[in-house]
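Written below as structure tokens is the structure these notes are about.
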Amino acid sequence: MSADDPKSVALGTEALSKHFGGVVAVDEVDLAVESGELRAIIGPNGAGKTTLFNVITNALDPTSGSVYLDGEDVTDVPQERRPHLGLARSFQGNELFAELTVLENVRVVAQTAAAGPFSFSLLGDGRSVRADEARDILARVGLSEHAETEAKNLSHGDQRRLGIAMAIATEPSVLLLDEPTSGMGPGESRETVDLVQSLQDDLGLTVLMIEHDMEIVLSVSDQITVLNRGSVLATGTPEEIQGDEDVQDAYLGGVREDL
Amino acid sequence: MSTSSRALGLERLSAGSAAVWGAIALLLLLAFAVEPGLFVDQFVGGLVYGMTLVLIALGLSIILGLLGIVNFAHGALFMLGAYFTYQLMTIWGLPFWVALVVAPVMVGVVGVLMERVVLQWLYDEPPLAGLLAAFGIALMIREATRAVWGDTPLSVQTPAVLAQSADLVVTTVARIRLFSVVVAALVVLAVYLLIERTDFGLSVRAGVQDREMAGFLGINMPRRFVLMFFLGAVIAGVGGVLQGTAVGMSPTMGDQYIIITFVVVVVGGIGSLFGSVVAGLLIGEAVFLTPLVLQSLADVTGVSALAIPGIGGLVPYLVMILVLLVRPRGLYGQEGFME
Amino acid sequence: MSQDSTAGLLERVGALRLGVWQVPVGLLAIALLLRPVISNDLLLGYPQIASSFLIWMIIVASFNVLMGYTGLLSFGHAMFMGIGAYSVAIALSAFAVPFLIAAPVGIVLSALVAYLVGRLIAHKGEIYFAMLTLAFAKSAHFIANYNPGGLTGGTTGLADGTTPAWIETSRGFTYVALGGVRIDWYWAVAAVFVVGMLLMWQLVRSPFGRTLVAVRENETLARAMGVNVRRYKVWAFTFAAAFAALGGVLLEINNQGATLTELSIVTSGNIIIMAVLGGANYFFGPLAGAFVWMFVEEYLADFHTLVLPLAEVPLVHVDVSGVLSYWEFFLGLLFVIAVLISPREGIFGMVKAIVDRIAARVRGDGE
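Residue numbers (this note's numbering), protein chains in the order written: chain A, 1 to 259; chain B, 260 to 598; chain C, 599 to 965.
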């Protein structure tokens, strides 16, 4: 289901591929995520979901294909510039500035968002730059009480939230979340997803979310893209995907029994 | 940026590299023509030196690639090989052939001690930690060596059969040097067979790729780590025995060799044992032949400034700079290693 | 304990309610107290070496901007100090250029070399970067040894005519003689020390510096969050070189010349040791490391002339001095222990932890 007006596609990919030697991790993936949409990316382990994120954000160079942000071709834009164009992400394993405080983690990202990929800001106290904005973000995600805790000392769930907070600090228009609820119990998962949805509403975000929890996926997604062995198996609304036989064969059937 | 350009070896002779290799071949021919005897001399010298580097580098590369430890103490292990030989032969009067086997094993034990007491706690720390700890151990070993055997350089009696010279037409070469090359080559071959052709080696290689996964598969990685550390130390010890017998030893030999050995490992590519072998020989020959080539060029062209004195010492570093500029991961380095 | 919680902790302990003034006050204290302290008979007993202490503190601190704050390990940092020293020595002896022009030129030259080398290598992986810095440092050493055009003095270095006219030495003391006034060289060094260290401190506490810390903590994440990691590394390398060269130009006067030692790998290695020993995590860490290292070296060198209570204890033989000639063994042991406990805390970190714990207990906070 692609949009007719390209401008309303916040994030698009065209025949995006990534090969590692002989292994095809991402295979001619076409995406068209509309502005304000919450798109879930699902698929079995090893389907290439995180690799897809890596290629979209240019953590890895694509082997071929293109990436579009708000209709603009950003395929040749280097990784460190993409957050400044509005593309943010969180990570599957917790990527944090471990020894720094929670506040500093968010603050330094907020500082970078304002200053650009490189700047000679040699004057003044770095710790005060964008500190207020950082505190606001912490309050927004519910981490205010841990502001002075070192990131490595947070609980797993709080670390995931910190990852989301940092992604928000880049002032994105498109947010890529890689398994935001991994390692969480059902209660915490629900809270996290509620947070994502409320952030999405407040900030007008487009969200791409890799998720394994089918209950969540089916209940909150506007659309779902199913990946298998690096290529798109199906795209559609939750109802369409639930009814899709190919998807059931490849993935949903097995997972339903698991969860 | 293209993954397809990772092809190595002769299959990808672009015009540029063909020109470079051609020029090098020409220069070598020139040097041989100008001074054939000296050329062969230097060539053998480079081979011996290169093989010594390979022996130390192999062990270093195994430890670095498998365990992620920058084993700064590897030069010290090499040195201990020489000093244990001295102890066995000169102090305890045992024959060379015994020392050749026993000394490396003793070094292996020291290596295992290092790993068990200190380094095993640092496997998942950033590389700096292992480097510093190994550096500390290297200091301790060097100072202990000084304390036990003194500061003055020592030597051992070359066994009679190896003390003679071999005739190589244009020049003669001490047999001990040829012996060193042969032993080193055999060791390299043995390591290759172990790593590439046995199940044990396969499990080690799997562990290098993904230590966690290998562990899940029931492979006892810690035991393999100790064994590989032992092996790496033994190989360095063999190098020490050969070096100590052929040339002699001093407490600074560890320091002298460790840095060049790191250069070899980096040039060969971190994570590649084959790379260490190739780079060791390449750099060994480059160190010995470059001054000769420059001298020949100076003689032929009359530009005496070409014969830069002492350039040999700088050659490994120049090679490293050149190689890393062209191939950022060394000759055969693998992506994701220590990055 | 990280830099971040330092301010918070000290606020709670109330030991030094100085807040942002901690660092300037600390630097001034060092500048003022160093010489009197080490002149004390219980320590070294003579003051002349004090200026060397300060100069090496600057140099090791400059290295820590690179290693402690940006997370870049360089095996060739001495090279930039050496470029500063040699620039001044050559300018003074061969071209009669005044020191006050030669010194800034030397610093800029060092920074320029660092920038160019950094552009080539800063983005490479940790070990590759470290080895390449080694290679470039070896090359610099080789060039100086080769003595192109007779400028660098080869193996013996430069000594004649390398001291500015306004430097006088008498009875083992060095003085700056300006307009009829004689100031002890130590105070000139101390002034540069305070200014230089304050500049470094501002560099690391600025937004630029905070980004360097983020790069150190998690380079992958920094890049993913929009930081141009490569450029930051290049400029960290450049600034560190400039400050090292500042130390180098002072060293040139201090040692009255420039020698190959300033460019040697051993010196680079010593700088790494001093930084790690002192504590890479802390601004004052490298200062502590430089102090301890130099102190121990000087102390051991004069061991036989010092009065030691040990000598009176019959159980301790004179052999002690023999063991101490293998002092690097104990240094190695210290390293191993320090690394096993925590590689980044160093002496400063350990002392700080003890002080904090005592202060907390004094205040009645249980543990």
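The beta-carbon is built from N, C-alpha and C at its ideal position, and this holds for glycine as well.
- Residues of the same chain with a CB within less than 6 Å of the CB of C:A709, apart from the 5 flanking positions on each side, are T836, A839 and A840 in chain order.
- Within the stretch 715-748 of chain C, the runs of alpha helix (DSSP H) at least 4 residues long that lie entirely inside it are, in chain order, 724-744.
- In this model, A:A88 and A:N58 are separated by some 11 Å (Cα to Cα).
- Considered as a whole, the stretch 35-117 of chain A harbours 49-56 and 102-115 as its complete alpha helix (DSSP H) runs of no fewer than 4 residues, in chain order.
- Per DSSP, the continuous alpha helix (DSSP H) segment holding B:L285 begins and ends at A274 to V293.
- Here A:R161 is near A:T192, since their CB atoms are less than 8 Å apart.
- Comparing C-alpha distances from C:I939 to each of B:L353, B:W380, B:L319 and B:W408 shows the shortest one belongs to B:W380.
- Chain C places a beta carbon closer than 8 Å to that of B:M579, counting this residue as a contact.
- A:N153 counts as exposed, since fewer than 16 other beta carbons sit within 10 angstroms of its beta carbon.
- Here the stretch 423-438 of chain B does not lie against the stretch 366-382 of chain B, with fewer than 3 beta-carbon pairs under 8 Å apart.
- By a beta-carbon distance limit of 8 Å, A:G230 contacts A:G48. Their separation comes to about 4 Å.
- From the beta-carbon of C:Q800, the residues of chain A found nearer than 8 Å are L122 and L123.
- If you check the CB distance, C:A687 and C:L756 come in under 8 Å.
- Here DSSP, grouped into helix, strand and coil, assigns A:H19 to strand.
- Between the alpha carbons of B:G460 and B:V313 lies a distance of about 19 Å.
- Residue state for A:F120 is assigned as coil, using DSSP reduced to three classes.
- By the beta-carbon neighbour count (other beta carbons within 10 angstroms, threshold 16), A:N45 is exposed.
- C:Y644 sits away from C:S650, with the two beta carbons spaced by 8 Å or more.
- In this structure A:L31 touches A:L11 by the C-beta definition: roughly 7 Å separates them, less than 8 Å.
- Annotated as proximal: A:L208 and A:R39, with beta-carbon spacing under 8 Å.
- Taking C:W764 as the centre and dropping the five residues before and after it, the same chain places the C-beta of V774, A775 and L776 closer than 7 Å to its C-beta, in chain order.
- At a cut-off of 8 Å, the C-beta of A:P117 has a neighbouring C-beta in chain C.
- For A:E37, same chain residues with a beta-carbon under 7 Å away, outside a window of 5 residues either side, are T206, D222 and Q223 in chain order.
- Assignment of B:T511 by DSSP, reduced to helix, strand and coil, places it in the coil class.
- At a cut-off of 8 Å, the C-beta of A:H19 has no neighbouring C-beta in chain C.
- Chain B has a Cβ within less than 8 Å of the Cβ of C:L671.
- Under the DSSP definition of a beta bridge, A:L175 partners with A:A88 and A:V207.
- DSSP, reduced to helix, strand and coil, places C:G845 within a helical segment of the structure shown.
- At a cut-off of 8 Å between C-beta atoms, B:F331 does not count as an interface residue with respect to chain C.
- When DSSP assignments are scanned along the stretch 357-393 of chain B, no uninterrupted stretch of alpha helix (DSSP H) that is 4 or more residues long falls wholly within it.
- Taken in chain order, the whole alpha helix (DSSP H) runs of length 4 or more contained in the stretch 213-238 of chain A are 214-220.
- Contact between the stretch 656-664 of chain C and the stretch 796-803 of chain C is present: three or more C-beta pairs spanning the two stretches fall below 8 Å.
- No residue range can be given for A:S8, since it is assigned to no alpha helix (DSSP H) and is classified by DSSP as neither H nor E.
- By the rule that beta-carbons nearer than 8 Å mark a contact, C:L819 touches chain A.
- Scanning C:L797, C:P762, C:L714 and C:M677 for the CA closest to the CA of C:I741 turns up C:M677.
- Excluding the 5 residues flanking it on each side, C:E896 has same chain C-beta neighbours closer than 7 Å at L642 and I647, in chain order.
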